[in-house]
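The numbers in full-length UniProt numbering rise by one with no breaks, and the one at position 182 of the sequence shown is 182.
Note that CB positions come from ideal geometry on N, CA and C, so glycine has one too.
Here the structure is a predicted model, which is why all the values come from computation and not from measurement.
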Amino acid sequence: MSSSPASAPGQPGAPAAASPEVEQEGLVERVAESVKPHLRGWIHAGVTPVVLVASIVLVVLSPTPVAKWSTAVFGLTAVMLFGTSAVYHRGHWSPKVAGVLRRLDHTNIFLIIAGTYTPLTLLLLPADTARTLLIVVWSGALVGLLARVFWLGAPRWVYVPVYVALGWVAVWFFPEFYRSGGLAIVLLIAGGGLAYTLGAVVYGTKWPNPSPRWFGFHEIFHVLTVVGYGCHYVAVSMASYGSA
Numbered sequence: 001m002s003s004s005p006a007s008a009p010g011q012p013g014a015p016a017a018a019s020p021e022v023e024q025e026g027l028v029e030r031v032a033e034s035v036k037p038h039l040r041g042w043i044h045a046g047v048t049p050v051v052l053v054a055s056i057v058l059v060v061l062s063p064t065p066v067a068k069w070s071t072a073v074f075g076l077t078a079v080m081l082f083g084t085s086a087v088y089h090r091g092h093w094s095p096k097v098a099g100v101l102r103r104l105d106h107t108n109i110f111l112i113i114a115g116t117y118t119p120l121t122l123l124l125l126p127a128d129t130a131r132t133l134l135i136v137v138w139s140g141a142l143v144g145l146l147a148r149v150f151w152l153g154a155p156r157w158v159y160v161p162v163y164v165a166l167g168w169v170a171v172w173f174f175p176e177f178y179r180s181g182g183l184a185i186v187l188l189i190a191g192g193g194l195a196y197t198l199g200a201v202v203y204g205t206k207w208p209n210p211s212p213r214w215f216g217f218h219e220i221f222h223v224l225t226v227v228g229y230g231c232h233y234v235a236v237s238m239a240s241y242g243s244a
């Protein structure tokens, strides 16, 4: 009995060929999966429930409506950042699912930057200044988000500096943050920014990489994101509780 000939690519019945981008993402993920340290993802997995509880407490204790909804934005973006990272890095995914999670993981960095600015600007800056800064930051976050969605394969030297630049827009407003919030809040904002920036440098350069088997450069990056978030959480809490 003769069998029917196999369908040629592009003919009806032929399996759809994966796009070059999907194939590239799959290759990258398979290679990363085979060499990633054993602790990859556990730092963010452990901190996610803590961030969730801390965010709920912050919103509940915030004394004004503006403080409540702006801290809710901060909390939501933080939970998305750490939660998505934990799911992405701890799971074993197909190339297609891994590509989606990787996009979410990268775009959440832009969202946490804008989410952190939201309560700090609304609670500490004059209305006109806050409006201007939020428009700049959220517009930049949206552009960066779309760029990471549609250009996931961009080299690190392209998008890491964008994260850093958007995060440090606040430096131009430090005098106003100081006048309204005091030295402690400014130091916390700057300290958190430095932690995030150092993490971005480690991520971008892949150095130092102390233990590729257990605790590599990516784990250092994750630790520094937790430190940065912690500094900013305290700053946002001080701004919120002082807004009554």
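Per-residue DSSP class, three states only, for S211: Counting from 1 along the sequence shown, the entry for residue 211 is found at position 211. Reduced to three states, the DSSP call for S211 is strand.
6 Å CB neighbourhood of V47 in its chain, flanking five on each side removed: By one-based count along the sequence shown, residue 47 stands at place 47. Contacts found: F82 and V226.
Nearest candidate by alpha-carbon position, reference F150, set R103, W42, G181 and W168: The residue you call residue 150 lines up with position 150 of the sequence shown. The shortest Cα separation from F150 among R103, W42, G181 and W168 belongs to R103.
Outcome for P208 when other beta-carbon atoms lying within 10 angstroms are tallied against a minimum of 16: Counted from its first residue, the sequence shown places residue 208 at position 208. P208 is exposed by the Cβ-count criterion.
Residue burial classification, R40 (beta-carbon count within 10 angstroms, cutoff 16): The count along the sequence shown starts at 1 and reaches residue 40 at position 40. With 16 or more Cβ atoms within 10 Å of its Cβ, R40 is classed as buried.
Whether V66 touches S243 by CB criterion (9 Å): Residue numbering aside, residue 66 sits at position 66 when the sequence shown is read from its first letter. Residue numbering aside, residue 243 sits at position 243 when the sequence shown is read from its first letter. It is a contact, given that the beta carbons lie within the stated cut-off.
Rounded Cβ spacing between T118 and V73 (contact assumed at less than 8 Å): In the sequence shown, residue 118 corresponds to position 118, counting from 1. In the sequence shown, residue 73 corresponds to position 73, counting from 1. Contact flag correct, Cβ pair sits at about 5 Å.
Contact set for F177: own chain, Cβ-Cβ below 8 Å, skip 5 residues either direction: Here residue 177 corresponds to residue number 177 of the sequence shown, with the count starting at 1. Result list for F177: L120, L124, L125, A170, I185, V186 and I189, in chain order.
CA nearest to the CA of A78, picked from M238, C231 and A239: In the sequence shown, counting from the first residue as 1, residue 78 sits at position 78. Of the candidates M238, C231 and A239, the one whose C-alpha sits nearest the C-alpha of A78 is C231.
Helix, strand or coil at S180 according to DSSP, with G and I counted as helix: In the sequence shown, residue 180 corresponds to position 180, counting from 1. S180: helix per DSSP, three-state reduction.
Alpha-carbon to alpha-carbon, P95 and A141: Along the sequence shown, one-based indexing puts residue 141 at 141. Along the sequence shown, one-based indexing puts residue 95 at 95. Between A141 and P95, the C-alpha separation is close to 26 Å.
Option nearest V139 by Cα separation, candidates M80, M238, L101 and G115: What you label residue 139 is simply residue 139 of the sequence shown in a count that begins at 1. First, the amino acid is wrong: residue 139 is Ser here, not Val. Closest by alpha carbon: G115.
Alpha-carbon spacing of D105 relative to A147, whole angstroms: Start at 1 with the first residue of the sequence shown, and residue 105 comes out as number 105. Start at 1 with the first residue of the sequence shown, and residue 147 comes out as number 147. Cα to Cα, D105 sits roughly 13 Å from A147.
E25 - DSSP class collapsed to helix/strand/coil: As a first step, residue 25 is located in the sequence shown; it is residue number 25 there, counting from the start. The predicted model places E25 with a pLDDT of 49, which falls under 50 and marks its position as unreliable; any figure quoted below should be read in that light. In this structure, E25 counts as helix in the three-state DSSP scheme.
Start-end ranges of the alpha helix (DSSP H) lying completely within the region 90 to 160, minimum 4 residues: 95 to 124 and 127 to 150
Segment limits, alpha helix (DSSP H) that includes P49: As a first step, residue 49 must be located in the sequence shown, where it is residue number 49. Residues W42 to L61.
Alpha-carbon to alpha-carbon, H92 and V137: By 1-based counting over the sequence shown, the position of residue 137 is 137. By 1-based counting over the sequence shown, the position of residue 92 is 92. Going by the C-alpha atoms only, they are around 34 Å apart.
Close Cβ partners of D128 (< 7 Å) along its chain, the five nearest in sequence each way excluded: Within the sequence shown, the letter at position 128 stands for residue 128. Excluding positions up to five away in sequence, the list is empty.
With 16 other Cβ atoms within 10 Å as the buried cut-off, status of V57: In the sequence shown, the residue the question calls residue 57 occupies position 57. Exposed, by the Cβ-count rule.
Counted within 10 angstroms of its Cβ, other Cβ atoms place V60 as buried (16 or more) or exposed: Along the sequence shown, one-based indexing puts residue 60 at 60. Result: exposed.
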